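Scroll down for the structure; my scribbles are underneath it.
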Amino acid sequence: MKLEGFELRRVDMPLVAPFRTSFGTETRRDVLLVRAVVDGVDGWSECVAMSDPLYSSEYVAAAADVMKRYMIPTLASQQVVEGTGVAPALAPFRGHRMAKAALETAVLDAELKTTGVSFARELGAVQNRVATGVSVGIMDSLDALLDTVGGYLAEGYQRIKLKIEPGWDVAPVEAVRERFGNILLQVDANAAYSLADAAQLKKLDAFDLLLIEQPFDEEDVRGHAELAKLTSTPVCLDESITSARAAVDAIAMGACRIVNIKPGRVGGYLEARRIHDVCVAHGVPVWCGGMLETGIGRAANLALAALPGFTLPGDTSASERYYATDITAPFRLDDGHLAVPRGPGIGVTPKAEVLDEFTTATEWIPAA
Ligand code: OSB
Ligand code: MG
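According to this note's numbering, the sequence shown holds residues -8 to 359 in order.
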């Protein structure tokens, strides 16, 4: 087996609508795709780092840089050709989990495309379709929000997540509850609050939410544990859960009753599976988060979301919720579910003509 090299490809994808969170407004997605070539077989992945270091410390230019400068030369010199070898080889480099995840996934995809095994089978999936929710950004008005939520419910989405921030929290939740009744509803603050806001967040207890996601800073695990004592809405962590060890610590501290698993945030699908496993062992439900992925990242997320501990609908929405034209065959909602890809590896490949249309830069880094 020979690792021939990696292609890093930047793809500029316009979103169908602006997506506003407490950390900014996205109108486009600057996607970094990775193609690993092992014995002539392509393995694809999507690095979920965003354009700016606002969700987490990583950003797309830094991810490409650390891959080129440190990670790819290391994988090349060790001739890592199996997915399980990537994380150990890259362990000396601190952090940069989104970059590591993308390299691991690309190598895994090439490996599984060679052996004919699907990502779902490899990870231990037990479902062939997964229940799907949708993440709804902060809007300019309650009317606009209600229109948007109503549209998604009409499409069949099984759960609504509202982005919140100070000044946009109780009113949107109340309006959505009042209009749409007993739907599955949850909120995500992307670290916009602190424990000093506990009284405001406690007002959300009246609305029977599934969970509140990451109200406080990534490092404020203890603050989340304090909030959990004061409120009845279950606390879920996203940004804080960077590894299986972090998940165990947060659970032990009482900082979360639910975990959002994003493979990019934790360094890859193999670590994501370990988080799933420790959460199952602790009786903590998990769900699959999203980073506005194209079909490449979505395909792999759906395989993960089919594991048995993923008992809540994820942010694994259909292609058209994000992009008018996806770079893979579009993922379509069917009865509130998305099908788990069954083909070898992640089960999809990019369409060459769409890739060409949206690509802004490519670089081939040979392993030899
Ligand atoms: O916090 O879950 C988040 C998107 C980008 C960065 C962070 C988050 C999100 C989302 C959208 O909520 C999830 C999706 O539909 O991909
Ligand atoms: Mg989140």
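Backbone N, C-alpha and C define an ideal beta-carbon position, used for all residues, glycine too.
Here the structure is a predicted model, which is why all the values come from computation and not from measurement.
Shown here, residue 317 sits in coil according to DSSP, grouped into three states, outside any helix or strand.
When the five nearest sequence neighbours on each side are left out, the beta carbons in the same chain lying within less than 8 angstroms of the beta carbon of residue 213 are those of 244 and 246, in order along the chain. Ranking 156, 23 and 34 by CA distance to the CA of residue 73 puts 34 first.
Under the three-pair Cβ rule at 8 angstroms, the region 161 to 178 does not count as touching the region 11 to 31. Under the three-pair Cβ rule at 8 angstroms, the region 0 to 8 counts as touching the region 305 to 323. If the five residues before and after residue 292 are omitted, its C-beta is found closer than 6 angstroms to the C-beta atoms of 279 and 307, all from its own chain and listed in chain order. Between residue 187 and residue 220, the alpha-carbon positions lie close to 14 angstroms from each other. Looking at the DSSP output, residue 329 bridges to 121.
Remark: the shortest separation between the CB of residue 50 and any heavy atom of the ligand OSB does not fall under 7 angstroms. Selection 260, 43 and -1 evaluated against residue 15 yields 43 as nearest (Cα-Cα). Looking at the DSSP output, residue 150 bridges to 124 and 175. Taking 8 angstroms as the cut-off, the Cβ atoms of residue 96 and residue 47 do not count as close. The Cβ atoms of residue 263 and residue 252 lie closer than 8 angstroms to each other. The closest heavy atom of the ligand OSB lies less than 7 angstroms from the beta carbon of residue 46. Pairing residue 346 with residue 260, the inter-Cα distance amounts to about 24 angstroms. Put simply, the backbone Cα of residue -1 is about 7 angstroms away from that of residue 23. One thing to note: residue 234 has its Cβ no nearer than 8 angstroms to the Cβ of residue 241. In the three-state reduction of the DSSP assignment, residue 41 falls in the coil class. Within 7 angstroms of the C-beta of residue 118 there is not a single heavy atom belonging to the ligand MG. With respect to the 8 angstroms criterion, residue 61 and residue 84 are classified as neighbours on the basis of their beta carbons.
If you check the C-beta of residue 208 against the ligand OSB, you find no heavy atom less than 7 angstroms away.
The Cβ atoms of residue 67 and residue 54 do not sit closer than 8 angstroms to each other. Beta-bridge annotation (DSSP): residue 3 is paired with 21.
If you look at residue 209, you'll find it isn't in any beta strand (DSSP E); DSSP assigns it neither H nor E. In this structure, residue 284 has its beta carbon less than 7 angstroms from a heavy atom of the ligand OSB. A direct Cα-to-Cα measurement between residue 204 and residue 330 gives close to 26 angstroms. In this structure, the beta-carbon distance from residue 171 to residue 140 falls below 8 angstroms. Judged by DSSP secondary structure, residue 352 falls within the beta strand (DSSP E) whose first and last residues are 350 to 357. When Cβ pairs closer than 8 angstroms are counted between the two stretches, the region 128 to 142 is seen not to touch the region 315 to 330, the count staying below three.
Closest in C-alpha terms to residue 239, from the list 223, 165, 275 and 254, comes 275. Contact between residue 129 and residue 356 fails: their C-beta atoms lie close to 39 angstroms from each other, not under 8 angstroms.
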